[in-house]
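Read the structure below first, then the notes.
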Amino acid sequence: MSTQNYIHKRHEQPDAGALTFFVFHGTGGDENQFFELARQLRPDARVIAPRGDVSEGGALRYFRRTGEGRYDMDDLAQRTKAMADFVAEAKGEGKVLGLGYSNGANILASVMLEAPGLFDAAVLMHPLIPWAPAPVAGLAGRDILITAGEHDPICPAPQTRALADYFAAQDARTQTFWHGGGHEVRNEELQAIARFVGDVE
């Protein structure tokens, strides 16, 4: 799948070696959800925001599911490969950073498991990976921030902790940030993300 098959929004930079910042929306969002946030967090970066191409009752997503927390794994595998191809084609010459929220965090994490060399750093906001991934040697040295709510009804805290432990076991430099709420994105969470993103060189 070429970049022409994903509707996406982008902001370019004159520097060919600039950081490329990919942002992935949550269910019901679109390419605008985190675009301006990315530009504020890293005004020096190229920003690319692909729109999910799956509709769930009119809500855009990046892959199909059969229920809350129950994924169509065949569809996820196909769309992970398509997104990995999109990222590989669209990224620039510099480092690559990803940020995703909820369904966007899940497709970002899935791409990192499939093609660990694509992203140098990633922010996974309220991810849910409801399976035990196999070891992936290529994740070593990657910088990962996982943010979550302690009482998130959609992404249960034990599964979030298991995902953080998984990345740490792959020797990724893994950080976590928790707030006391649920699935919402809170201001203190955004502050933690800003610190992390600002440190990516």
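Here the sequence shown is numbered in my numbering, starting from 3 and rising by one per residue. Ideal Cβ placement from N, Cα and C applies to all residues, glycine included. If you're wondering where the values come from, they're calculated on a predicted model, not measured in any experiment.
*Unbroken alpha helix (DSSP H) run spanning K83, endpoints*: In the sequence shown, the residue the question calls residue 83 occupies position 81. Counting along the chain, the alpha helix (DSSP H) containing K83 begins and ends at 75-92.
*Have a look at I156 and Y73 and give me their C-alpha separation to the nearest angstrom.*
Position 154 of the sequence shown holds residue 156. Position 71 of the sequence shown holds residue 73. Distance between the alpha carbons of I156 and Y73 is about 13 Å.
*asked:* Please list the terminal residues of the continuous alpha helix (DSSP H) segment that includes T22.
replied: Indexing the sequence shown from 1 puts residue 22 at position 20. Careful: T22 lies outside any alpha helix (DSSP H), inside the beta strand (DSSP E) at 22-26.
*Look at the alpha carbon of D173 and the alpha carbon of S112, and state the distance between them as a whole number of angstroms.*
Here residue 173 is taken as the residue at index 171 of the sequence shown, counted from 1. Here residue 112 is taken as the residue at index 110 of the sequence shown, counted from 1. D173 and S112: Cα-Cα distance of roughly 17 Å.
*Proximity below 9 Å, CB of L62 to CB of R48*: One-based indexing of the sequence shown puts residue 62 at position 60. One-based indexing of the sequence shown puts residue 48 at position 46. Not closer than 9 Å, so no.
*Whose CA, out of G102, Q193, A124, lies closest to the CA of D26?*
The residue you call residue 26 lines up with position 24 of the sequence shown. Per the sequence shown, the amino acid found at residue 26 is Phe instead of Asp. Taking each of G102, Q193, A124 in turn and checking the Cα distance to F26, the smallest one comes out for G102.
*asked:* Give me, in chain order, the residues of the same chain whose beta-carbon lies closer than 6 Å to that of G100; leave out the 5 immediate sequence neighbours on both sides.
replied: Walking along the sequence shown from the start, residue 100 turns up at place 98. Excluding sequence neighbours, G100 sits near F24, L110, F121, A124.
*Taking one C-beta from the segment 68-86 and one from the segment 136-152 each time, how about it: are there three or more such pairs within less than 8 Å?*
no
*Under the three-state reduction of DSSP, which class applies to D145: helix, strand or coil?*
The residue labelled residue 145 in the question sits at position 143 within the sequence shown. In the structure shown, D145 sits in a strand (DSSP, three-state: E or B).
*Determine the extent of the beta strand (DSSP E) in which V56 is found, giving its start and end residues.*
Walking along the sequence shown from the start, residue 56 turns up at place 54. Taken as a continuous stretch (DSSP letters only), the beta strand (DSSP E) holding V56 covers 56-58.
*Answer yes or no: does any C-beta atom of chain B fall closer than 9 Å to that of P160?*
Reference to chain B is not applicable here, since this structure consists of a single protein chain.
*Within this structure, are the beta carbons of R175 and I146 separated by less than 9 Å?*
In the sequence shown, the residue the question calls residue 175 occupies position 173. In the sequence shown, the residue the question calls residue 146 occupies position 144. Contact flag set, yes.
_Give me the residue from F36, P137, P16, A79 with the minimum Cα distance to V187._
For the purposes of this step, residue 187 is taken as residue 185 along the sequence shown, with counting starting at 1. Measuring from the Cα of V187, the nearest candidate turns out to be F36.
_Short of 8 Å in beta carbon distance, which residues of its chain neighbour A142, apart from the five on each side in sequence? Order them along the chain._
In the sequence shown, residue 142 corresponds to position 140, counting from 1. Q172, D173, A174, listed in sequence order.
*Three-state class that DSSP yields for Q42 in the structure shown*: For the purposes of this step, residue 42 is taken as the residue at position 40 of the sequence shown. Look at Q42 here: in three-state DSSP terms it is helix.
*So which of V98, G182, A136 has the shortest CA-CA distance to L21?*
The residue you call residue 21 lines up with position 19 of the sequence shown. The candidate whose alpha carbon is nearest that of L21 is V98.
*Going by other Cβ atoms of all chains shown within 10 Å of its Cβ, with 16 needed for buried, is I50 buried or exposed?*
Within the sequence shown, residue 50 is the residue found at index 48, counting from 1. It counts as buried.
*Sorted by chain position, which residues of the same chain lie with C-beta nearer than 7 Å to G184's C-beta, five sequence neighbours on each side aside?*
Here residue 184 corresponds to residue number 182 of the sequence shown, with the count starting at 1. Take G184, set aside five residues on each side of it, and the residues of its chain with a beta-carbon closer than 7 Å to its own are G151, H153, D154, P155, in chain order.
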